[in-house]
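Residues in the sequence shown are numbered from 1 upward in steps of one, following full-length UniProt numbering. Working notes, structure below.
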Amino acid sequence: MEFLPAEDAPKGEERRNYLYTRVRLAWYYRPSDVSDRPVADPRLLLAAIYSEVCDINQLRAKCHVVHRDKISDLSGWKKRPDRFYFNRLFDPYIKKEFEVIPSRDVRNLPDHIRDVLIERYEYVVAEKEVIPDLTDTIRLCDTCRIWCPTSDSVLCDRCKKYFHMKCVQPPLLAKPSRGYGWTCAPCSRRHEEEVDSHEHRHLTPVTAPKLKSNAPAARGRGRPRKDKSLAEKEENLPVKHFNMWPFRYFGQHTVAEDTLDPEDLIFPRTASRVGPKYQANIPPELPYYPPSELEERGTDNTVEIMGIFNTFTKSEPEEVKARLSNDRKVKSSVDWLTEVIRRLSEAAMDGSMSSVKITPTRMEKFKKVEIPYTDKDFNREEVVAFEDAIQQHGAELRAVRDEVGTRSMPEVVRFYGHWKNMKLGEENRRLRTSGPPPKRPTPRYYLTEAEANDGQLIGQSDDESSIIAQPSKTPSCAACRTRESKTWWKAPKGLPTNILCDTCGTNWRKYADLNVRPIREESLPLTKTREKREGTPLAGPSSKRARSTPPPTISILPQNRCLACTKHGPIGKVLKCKRCQFRVHAGAIGAIVDPANVDSWVCELCENEEILEASVNSDCLLCPRSSNEDKKKKPWPPSDSFLRACKPTEGQGWAHVLCAVFTPELSFTDASRLRLVEGLNTVSRHKWTTRCCLCGETEGAVIRCSDCTKEFHASCAWKQGHKFGFEIQPVKSSRRDSTITVTFKGESGCMNAIVSCKEHDHSKRDIYDICETNEGGETALQVYCRAYKQASVGQAHGLLRKARRLDSILNIRSEPPPLALPPPTTPDPECYRCHSQFSPAFYRISDSSSSSVNGAGSPKEGQELFMCHRCHFELNETSKSMGMMVS
């Protein structure tokens with residue numbers, strides 16, 4: 001916009017003798033910088049009536065920004081470097097976008113106002129809904145033949161003529177409400193005569209006729225013209241400026257006559273805050289107080305005094321502060337000092353300054369709730385999780401809070417400030433020990449021609465700090481994957497590598513665009529490629545074969561953090577609920593998900609809200625009942641803990657996966673999916689009546705520590721950070737036949753579920769975590785449940801298994817039927833008579849019985865025959881009547 005001398009240059013004529021060191025720049029915004037909507041065109045900008053004065057050495061290059069209507073070939077314009085265009089304006093103060101149209105298209109104005117507008121400004125800024133009114137033909141009042149501004153005029157719904165609201169008899173006080181029309185007096189009288197004559201029948205129009213507008217037609221999408229002379233002519237078209245700006249606001253909140261004033265403000269405006277909507281209406285009957293009776297504002301009687309430290313002597317506050325606290329960390333807290341000032345001020349006004357003995361620990365006056373002055377120190381695990389999250393997400397503290405998991409957002413923000421100061425202090429101490437860094441060259445604003453030819457630098461610019469002098473041994477561009485470039489640039493975060501080649505780096509810094517762009521012929525250096533004979537395409541295949549193969553495509557999969565092991569994993573292994581955002585390893589909850597449906601996975605509690613397979617009360621049957629305050633949290637159980645992993649029970653209730661796995665009496669109908677927990681009625685009475693040593697409740701069933709006599713709920717132990725895992729113990733050779741052994745990570749033996757207090761030392765024991773996997777990808781929890789928690793579904797139906805468990809609790813000894821033998825070894829037994837595979841129980845048939853009953857001879861050697869429950873009952877009844885029994 002203009003070049004300026006130094007800020008301390010004198011005013012007047014002497015100012016011209018000083019060299020230019022500053023420049024005034026007009027701002028343009030990218031649409032993605034001011035709104036959340038994505039814009040595919042990186043050359044589209046938003047204008048702004050906003051300027052800033054910068055140092056002249058901050059200029060990088062020259063670019064061309066023109067209005068869209070001045071470009072005849074948009075695709076050709078965008079192919080040229082450093083070319084941008086705009087068609088809208090963004091006001092950074094109102095946070096609103098406006099349309100920009102050429103001033104010559106504004107026609108609904110008096111001639112003298114329109115001539116001034118066209119003479120001074122190239123463009124007009126207005127709201128989108130005002131553009132049709134501005135570009136329409138001039139509207140004159142049908143009564144006084146004077147121009148009708150849109151705000152003071154009304155349109156007749158029948159004759160389509162405009163009138164001033166004051167020219168109508170009687171004058172209109174306000175425009176008709178939205179959805180209603182207005183007709184002038186002649187049209188109303190004519191309508192009444194037609195209605196009274198009963199000869200005219202009105203038809204309701206299907207659609208309201210559209211008002212004609214003289215706005216310029218939308219530009220077509222024809223084949224672009226490739227005329228370089230026309231493009232250069234468009235770049236050099238003159239643009240009118242008035243006071244250095246090519247546009248001014250002329251929208252619905254503008255008075256047209258004010259445009260004639262050269263001092264009128266050109267910035268966008270909003271509705272005036274004058275009127276009954278914003279002003280208080282004071283009734284006239286309020287008593288009037290003369291000024292002499294009113295208290296003067298700002299005195300001690302009208303202002304609450306928060307501190308009188310300015311009245312203390314120099315020694316008084318220091319003595320009191322010394323006996324309040326000796327903790328330097330507390331003394332530097334702003335909240336602590338605020339509370340100390342308030343209490344000392346109150347003590348001084350009461351005259352008890354000498355006897356003040358206060359040690360404030362929490363805010364009392366200026367906070368609605370009690371807030372501690374200092375946060376609890378982060379432990380080592382939280383610091384490690386915090387630093388890992390900072391390295392992955394940067395300063396996105398909401399994502400960092402999710403990674404830490406155990407801290408609130410204010411605590412993470414405060415710790416982030418202290419952590420940065422700590423790192424800065426370490427860097428400063430390192431610099432003091434190793435010496436100061438080399439000084440940067442002093443920037444100079446002007447160089448002589450000889451100095452410029454010698455290649456002297458004018459300080460280190462922003463571009464130079466973004467160039468990587470020594471990239472890695474195998475550099476690869478993060479956008480186009482090329483491995484060859486003369487200059488390497490720093491890449492933004494979130495890309496596969498941290499460097500960009502020269503072409504991609506330039507496109508990123510100029511256009512914020514990482515798409516690979518072909519190099520234009522004009523910008524190619526004079527190389528062998530340019531020296532090819534005429535008719536040979538520049539992009540043709542090279543005669544020599546490339547020595548190196550193109551680099552493989554590098555893809556970094558997004559990671560999720562499991563709430564069971566607090567480790568990251570790819571989306572396929574660590575699932576994330578689509579509704580409640582619960583994240584966990586698939587192997588830790590027995591989830592089997594199709595890779596194509598990973599993004600739409602829903603946890604079982606969220607899925608149950610729709611299908612209602614089990615109870616809507618999601619409280620675990622093995623844990624104490626939750627309070628009503630906790631249940632008000634949405635979702636419940638909370639999605640930031642592994643305790644949201646629940647499984648339905650055989651009575652349509654719910655149980656935590658932790659409780660079901662680490663309670664020995666429980667088992668699963670399908671251990672591979674951890675579905676349908678059964679055996680709750682077999683948990684001993686002692687576990688239901690014992691008090692938990694962590695929460696003090698007697699509800700729920702407790703488990704015992706593997707290393708001591710403490711008993712607690714599994715959920716309470718998880719909340720307190722106790723150790724959960726699995727340990728493999730060797731099995732003696734004499735007991736291998738009667739003990740189930742498993743192999744995990746090359747170690748064989750009997751796997752035991754371990755729950756140990758956090759006070760015990762676990763460093764000398766090989767305890768596998770819940771989500772730790774073996775070579776086949778199975779977690780330790782899956783291996784344990786498959787080997788030890790699978791219910792004997794092949795022995796009997798689920799209802800029959802529940803009845804037998806109930807019989808064992810009630811100590812009912814029922815003689816087993818004579819044919820009730822151990823469960824079949826085959827996974828899918830079949831009745832040899834009716835060939836049914838579904839029965840509450842199957843019975844193995846001996847060789848002699850099969851020959852006597854079936855009459856078909858004995859089965860083949862090694863073959864087992866089974867009989868379903870129904871056939872077994874019928875044969876027994878028949879045998880009793882015949883006086884024999886099937887053995």
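For every residue, glycine included, the Cβ atom is placed at its ideal position computed from N, Cα and C. This structure is a prediction, so every number in the text was calculated from the model and none was measured.
Distance, residue j Cα to residue i Cα
i: cysteine 659; j: glutamate 650; result: 15 Å
i: cysteine 148; j: arginine 139; result: 6 Å
i: lysine 166; j: leucine 172; result: 6 Å
i: histidine 835; j: phenylalanine 866; result: 10 Å
i: glycine 425; j: tryptophan 419; result: 10 Å
i: cysteine 693; j: cysteine 708; result: 12 Å
i: histidine 112; j: proline 42; result: 40 Å
i: arginine 178; j: aspartate 133; result: 17 Å
i: serine 197; j: proline 170; result: 27 Å
i: glutamate 346; j: valine 334; result: 19 Å
i: glutamate 772; j: cysteine 562; result: 12 Å
i: valine 412; j: tyrosine 768; result: 31 Å
i: aspartate 105; j: alanine 26; result: 25 Å
i: leucine 237; j: arginine 16; result: 29 Å
i: glutamate 449; j: leucine 19; result: Residue confidence is low: glutamate 449 scores 43 on pLDDT, short of 50, so the model does not pin down where it sits. No coordinate-derived value is stated.
i: aspartate 599; j: glutamate 609; result: 19 Å
i: threonine 690; j: glycine 653; result: 22 Å
C-beta contact flag for residue i and residue j at 8 Å
i: isoleucine 71; j: tyrosine 85; result: yes
i: alanine 491; j: leucine 500; result: yes
i: glutamine 790; j: phenylalanine 662; result: no
i: valine 731; j: valine 783; result: no
i: cysteine 159; j: cysteine 141; result: no
i: arginine 805; j: asparagine 681; result: yes
i: leucine 800; j: proline 840; result: yes
i: isoleucine 770; j: alanine 588; result: yes
i: lysine 764; j: lysine 723; result: no
i: arginine 414; j: aspartate 377; result: no
i: serine 656; j: serine 706; result: The identity of residue 656 in the sequence shown is histidine, whereas the question assumes serine. Going by C-beta atoms, histidine 656 is not nearer than 8 Å to serine 706.
i: threonine 137; j: arginine 107; result: yes
i: serine 466; j: threonine 497; result: no
i: isoleucine 754; j: glycine 725; result: yes
i: proline 624; j: cysteine 695; result: yes
i: proline 246; j: tyrosine 123; result: yes
Range of the contiguous alpha helix (DSSP H) that encloses residue i
i: arginine 805; result: 798-809
i: glutamine 391; result: 380-393
i: serine 156; result: A small fix is needed here, since residue 156 is cysteine in this sequence, not serine. It is not in any alpha helix (DSSP H) - cysteine 156 carries neither H nor E in the DSSP assignment.
i: alanine 601; result: The sequence shown places tryptophan at residue 601, rather than the alanine named in the question. It is not in any alpha helix (DSSP H) - tryptophan 601 carries neither H nor E in the DSSP assignment.
i: alanine 399; result: 397-404
i: isoleucine 131; result: 131-135
i: tyrosine 788; result: 780-788
i: valine 616; result: Taken as a continuous stretch (DSSP letters only), valine 616 belongs to no alpha helix (DSSP H), as it is neither H nor E.
Cβ separation of residue i and residue j, assumed to be a contact under 8 Å, to the nearest whole Å
i: arginine 24; j: glutamate 2; result: 5 Å
i: histidine 164; j: cysteine 187; result: The Cβ separation is near 17 Å, so there is no contact.
i: cysteine 63; j: aspartate 82; result: 4 Å
i: residue 894; j: lysine 647; result: This structure gives no information on residue 894, because the portion of the chain shown stretches from 1 to 887.
i: arginine 644; j: phenylalanine 582; result: 5 Å
i: arginine 248; j: valine 125; result: 7 Å
i: isoleucine 728; j: phenylalanine 744; result: 6 Å
CB contact check: residue i to chain B, cutoff 8 Å
i: arginine 644; result: In the displayed structure, chain B is absent; only one protein chain is listed.
Bounding residues of the beta strand (DSSP E) (the contiguous stretch that carries residue i)
i: asparagine 752; result: 747-756
i: glycine 725; result: 723-729
i: valine 677; result: 675-678
i: arginine 483; result: Taken as a continuous stretch (DSSP letters only), arginine 483 belongs to no beta strand (DSSP E), as it is neither H nor E.
i: leucine 59; result: It is not in any beta strand (DSSP E) - leucine 59 carries neither H nor E in the DSSP assignment.
i: valine 574; result: 574-576
(request) Spell out a yes or no on whether the region 45-61 and the region 83-93 are touching, meaning 3 or more CB-CB pairs, one atom from each, closer than 8 Å. (result) yes
(request) For the region 240-249 and the region 264-278, state whether three or more C-beta atom pairs, one from each stretch, are separated by less than 8 Å. (result) yes
(message) Taking 8 Å as the cut-off, does the region 589-598 touch the region 609-620 (at least 3 CB pairs, one atom from each stretch)?
(response) no
(request) Check whether the region 742-758 touches the region 614-633, taking contact to mean three or more Cβ pairs, one atom from each stretch, closer than 8 Å. (result) no
(message) Check whether the region 761-780 and the region 563-574 are in contact - that is, three or more C-beta pairs closer than 8 Å.
(response) yes
(request) Evaluate contact between the region 632-643 and the region 674-690, counting only Cβ atoms and requiring at least three cross-stretch pairs below 8 Å. (result) no
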